[in-house]
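Residue numbers (the UniProt record's numbering): 1 to 397.
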């Protein structure tokens, strides 16, 4: 994996390219970017055929060990790795510890290993089992084991333990990877811990940088509580910016936090390159230039009639949509918006039809992936502030 910076903002954000991104060395990625969120090795609610109807699907698919660790022996017997086993066509498979959409039970990590969570409950991983699983999965990227069970309330003693454990795990994993032929071409992602302590963040970053890692994943801010708005916490922006300043510029930075597009822009401007995809039913316009005037007027009229729409998301369970025959987002070109109405999807939700979640997922994916297309375009054309202001206006409605 090689990271090439094409443009840098004064605040720290980077427009870049990741070359040789997969094990074969024949994939190039543009950043900033998001990954494809999966559950159990597939996109939520979507078959492979339905996923193909979504435009701009990310080339990096994230698969968490919690959902898949119990099946590593089956994958090993299959003998072709996780990509072939799951039939996902994404050229880059990235294995992480935890599901970005689920809360994590605290207090389960110790010096011997970390806990991940699957359908059967807790799975305790030591570095030996962790590496055995990675060898059976053959990922293109894999996150090192880490103790990210920290948040703003943690004291220094707990943060020291978090950093120490994560570095100890990393050393054992690096040693095992050096001996593994199977993982010799896989990229190892080091994890930066330290909670809200500048001292521990710096120690974690400085020590991780000197290890042979190919990128960095920043965690340890939310203790598994995915509903926390990190940017609302007084010191978060300062600590994240400080942490990113400790990292080299020639390797990508990743965060698995669930963020709205406006929050993504804030984190990107500080220096984060890769984001997770997991979000709400989106009804915002992220395009530059804005929607055509007729479509823009239609969107404003539709949203004005619906108090639950704040410009960014919508709850189609509400009975006020039972006779709303507009699309989820007027002007949107996704499969759901072209072929179905808000009223029909409301009906599907009320009757608990699985098709409702298929259509909403397709719309959400289309919108979020399209947003990153326009985010990169805004950087290339020096219009990032315009895009951010445009989103802020919609959020304020």
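C-beta: ideal position from N, C-alpha, C; glycine also.
Note the first and the last residue of the continuous alpha helix (DSSP H) segment covering residue 143. That residue, residue 143, is in no alpha helix (DSSP H); its beta strand (DSSP E) goes 141 to 143.
Beta strand (DSSP E) segments (min. 3 residues) lying fully within the region 135 to 206: 141 to 143, 187 to 192
Nearest-angstrom Cα separation, counted from residue 112 out to residue 43: 32 Å
Coil, strand or helix - residue 122 by DSSP: strand
Measuring straight from C-alpha to C-alpha, what distance separates residue 282 and residue 40? Low confidence applies to residue 282: its pLDDT is 48, below 50, so where it sits in the model is not reliable enough to give any reading.
My output table needs one value for residue 220: the three-state DSSP class, helix, strand or coil. coil
Cβ neighbours of residue 298 in the same chain (closer than 6 Å, five flanking residues each side left out): For residue 298, the predicted structure reports a pLDDT of 48, less than 50, and the residue's modelled location is therefore unreliable. A value from the coordinates is still provided. Only 330 meet the Cβ criterion.
Reference residue 148; option with closest CA among 191, 250, 37, 84: 191
Cα separation between residue 361 and residue 55? 13 Å
For the candidate residues 145, 245, 174, whose alpha-carbon lies nearest to that of residue 165? 145
Where does the unbroken beta strand (DSSP E) through residue 3 begin, and where does it stop? 2 to 8
For residue 14, which of helix, strand or coil comes out of DSSP? strand
Residue 42 - partner residues in DSSP beta bridges: 39
Let me check understanding here. Comparing Cα to Cα, which of 2, 208, 277, 247 lies closest to residue 20? 2
Taking residue 94 as part of the beta strand (DSSP E), name the residues at either end of that continuous run. 92 to 96
Using the C-alpha atoms, what's the distance from residue 77 back to residue 310? Its pLDDT being 49, under 50, residue 310 is placed unreliably by the model, and the measurement read from it follows with that caveat. Approximately 50 Å, taken between the alpha carbons.
Quick one: what does DSSP say residue 29 is sitting in, helix, strand or coil? strand
Which listed residue (222, 81, 205) has its alpha carbon closest to that of residue 215: 205
In this structure, what does DSSP give as the bridge partners for residue 275? 34, 255
Using 8 Å as the threshold, is the region 259 to 272 in touch with the region 164 to 182, meaning 3 or more CB pairs across them? no
Does DSSP put residue 128 in a helix, a strand or coil? helix
Under the three-state reduction of DSSP, which class applies to residue 228: helix, strand or coil? coil
Which one or two residues does DSSP pair with residue 19 in a beta bridge? 2
Can you give me the start and stop residues for the beta strand (DSSP E) that residue 88 sits inside? First-last for residue 88: undefined, no H or E at that position.
Should residue 8 go down as buried or exposed, given a rule of 16 or more other Cβ atoms within 10 Å for buried? exposed
Between the C-alpha atoms of residue 31 and residue 373, what's the straight-line distance to the nearest angstrom? 10 Å
Contacting residues, own chain, Cβ-Cβ under 6 Å from residue 317 (five flanking each side not counted): 349
Those residues which DSSP pairs with residue 113 across a bridge: 110
Could you give the first and the last residue of the continuous alpha helix (DSSP H) run that contains residue 241? 236 to 245
Contact check, residue 93 vs residue 139 under 8 Å by CB: the rounded distance? 5 Å
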